[in-house]
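Participant: Before anything else, here's the structure in question.
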Amino acid sequence: MHRIKCSLNRTGCHEKRPAVLLLHGLLASSADFVSARNQSLAFQLVDKGYDVWLGNNRGNTYSRNHIMLDPNEDKSFWNFSFHETGMYDLPAMIDHIIQKSQVSKVTFIGISQGCTSYMVLSSLKPEYNEKILLANLVAPVTTFYPTKSIVLKILTFFNFIVK
Numbered sequence: 001m002h003r004i005k006c007s008l009n010r011t012g013c014h015e016k017r018p019a020v021l022l023l024h025g026l027l028a029s030s031a032d033f034v035s036a037r038n039q040s041l042a043f044q045l046v047d048k049g050y051d052v053w054l055g056n057n058r059g060n061t062y063s064r065n066h067i068m069l070d071p072n073e074d075k076s077f078w079n080f081s082f083h084e085t086g087m088y089d090l091p092a093m094i095d096h097i098i099q100k101s102q103v104s105k106v107t108f109i110g111i112s113q114g115c116t117s118y119m120v121l122s123s124l125k126p127e128y129n130e131k132i133l134l135a136n137l138v139a140p141v142t143t144f145y146p147t148k149s150i151v152l153k154i155l156t157f158f159n160f161i162v163k
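As numbered in my numbering, residues 1 to 163 make up the sequence shown, in order.
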């Protein structure tokens with residue numbers, strides 16, 4: 001995770017601020033929330049007085065470390081889905097934010113896959129609902145249907161061969 005505690009002009013760095021967690025969508029990273037500098041969502045939230053935390057889902061540029069597995073060598077590193085990110089990763093992020101920011105609740109903003117992880121968490125670990133002040137789900141992915149895309153069907157076929 002990344003954290004932006006104070007604005008670019010360094011104001012409010014030592015104040016206690018409400019915490020917000022931003023979690024990206026599929027094939028993205030926390031960098032997407034800061035790419036437009038002052039116009040980006042993360043910096044706008046900081047300027048409005050939030051302690052901003054930027055989550056990263058497994059396997060992206062910032063989230064490829066593992067105690068035993070090398071993502072470049074071990075296929076088993078990639079044996080996870082939105083279920084694991086919702087059951088294990090997101091609760092760990094929330095608990096870390098609460099501990100470090102010294103707050104009792106976190107505002108959550110998820111994009112696409114980030115929303116799916118949140119819905120897994122909120123339904124399978126309902127005790128975490130008490131730790132969320134507000135959940136903003138942008139472009140949530142809630143159901144999966146067999147794809148009609150030829151490209152995705154071909155990719156699925158090659159994934160089957162690799163296994």
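Each residue gets a CB set at the ideal place from its N, CA and C atoms; glycine is no exception.
For clarity, every value in this text was computed on a predicted model and none was experimentally measured.
Rounded to a whole number of angstroms, what is the C-alpha to C-alpha distance between V46 and P146?
Facilitator: One C-alpha to the other measures close to 40 Å.
Participant: Mind checking W53: buried by the 16 CB within 10 Å criterion, or exposed?
Facilitator: Its Cβ being crowded by 16 or more others within 10 Å, W53 is buried.
Participant: If you draw a straight line from the alpha carbon of D32 to that of Q39, how long is it in whole angstroms?
Facilitator: Roughly 12 Å between the two C-alpha positions.
Participant: Alpha carbon to alpha carbon, how far is A135 from N79? Give it in angstroms, no decimals.
Facilitator: N79 and A135: Cα-Cα distance of roughly 28 Å.
Participant: Going straight from the alpha carbon of V162 to that of L26, what length do you get?
Facilitator: With a pLDDT of only 46 at V162, under 50, the local geometry of the prediction cannot be trusted, and the value read off the model is given with reservation. In a straight line, the C-alpha of V162 is about 22 Å away from that of L26.
Participant: Put R3 into one of helix, strand or coil per three-state DSSP.
Facilitator: The answer is strand: DSSP assigns R3 an E or B state.
Participant: How far does the alpha helix (DSSP H) with A92 in it extend, from its first residue to its last?
Facilitator: Per DSSP, A92 belongs to the alpha helix (DSSP H) from L90 to S101.
Participant: Looking at the structure shown, is G114 part of a helix, part of a strand, or coil, going by DSSP?
Facilitator: If DSSP states are grouped into helix, strand and coil, G114 belongs with the helices.
Participant: If N60 sits next to M1, beta carbons under 8 Å apart, how far is it from one beta carbon to the other, in whole angstroms?
Facilitator: Contact doesn't hold; Cβ gap of about 12 Å is too wide.
Participant: Can you tell me whether S117 is buried or exposed, with buried defined as 16 or more other CB within 10 angstroms of its CB?
Facilitator: Label assigned to S117: buried.
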